[in-house]
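Q:
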Amino acid sequence: MQKEGLLKILIICTGNSARSQMAEGLFKYYKKEWEIYSAGTSPKGLNPISVEVMAEKGIDISSYKSKHIDLFLKKQFDYVITVCDHAKELCPVFPGNAKYLHWSLKDPAAIEGTKEEKLVTFRKIRDEIENKVLEFI
2 MQKEGLLKIL IICTGNSARS QMAEGLFKYY KKEWEIYSAG TSPKGLNPIS
52 VEVMAEKGID ISSYKSKHID LFLKKQFDYV ITVCDHAKEL CPVFPGNAKY
102 LHWSLKDPAA IEGTKEEKLV TFRKIRDEIE NKVLEFI
């Protein structure tokens, strides 16, 4: 899906702690000229494991903050991408002619287990998101 010029993209999940933050970081890494934002329907704060697995790819998201979707309700986007089923159900309609995409991704933050088990899951989801971002670009 290519579109010339600057794109404005909003990525939405429930907590804006993992999936949407990693997607924001990956989009910004690959397409620095695009405007990329992420938000959550119920922001929970940036998950430190998200920061860790993104750093493994050389992408620093440590300064990212969880934001509520309400901050973006009056903004226009070219694409709104939901990355979890719950966010898709709650996704509002934004002004303009945004195209809505849905990437159903498992919540890595919901995984219980050891730190190593959590890292494995976060890496898997990060890599799934990276593949989707690259397909999109």
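All residue numbers for the sequence shown refer to this note's numbering, where the first residue is 2 and numbers rise by one. Where a beta carbon is used, it is the ideal one built from N, C-alpha and C, also for glycine.
Go through its chain and collect everything with a Cβ distance to H103's Cβ below 7 Å, but skip five positions before and after it.
A: Around H103: T83, K89.
Q: Whose C-beta lies closer than 8 Å to the C-beta of G41 among residues of the same chain, with five residues either side of it excluded?
A: If we look at G41 and ignore the five residues flanking it on each side, its Cβ neighbours are I13, C14, T15, G16, N17, S18, S21, S67, K68, H69, I70, A88.
Q: Drop a sphere of 10 angstroms on the beta-carbon of T115, count the other beta-carbons inside from all chains shown, and report buried for 16 or more, exposed for fewer.
A: Exposed.
Q: Distance check for S63 and L74, CA to CA, integer angstroms please.
A: If I take the Cα positions, the gap works out to 25 Å.
Q: Are the Cβ atoms of Y65 and L47 separated by less than 7 Å?
A: It is a contact, given that the beta carbons lie within the stated cut-off.
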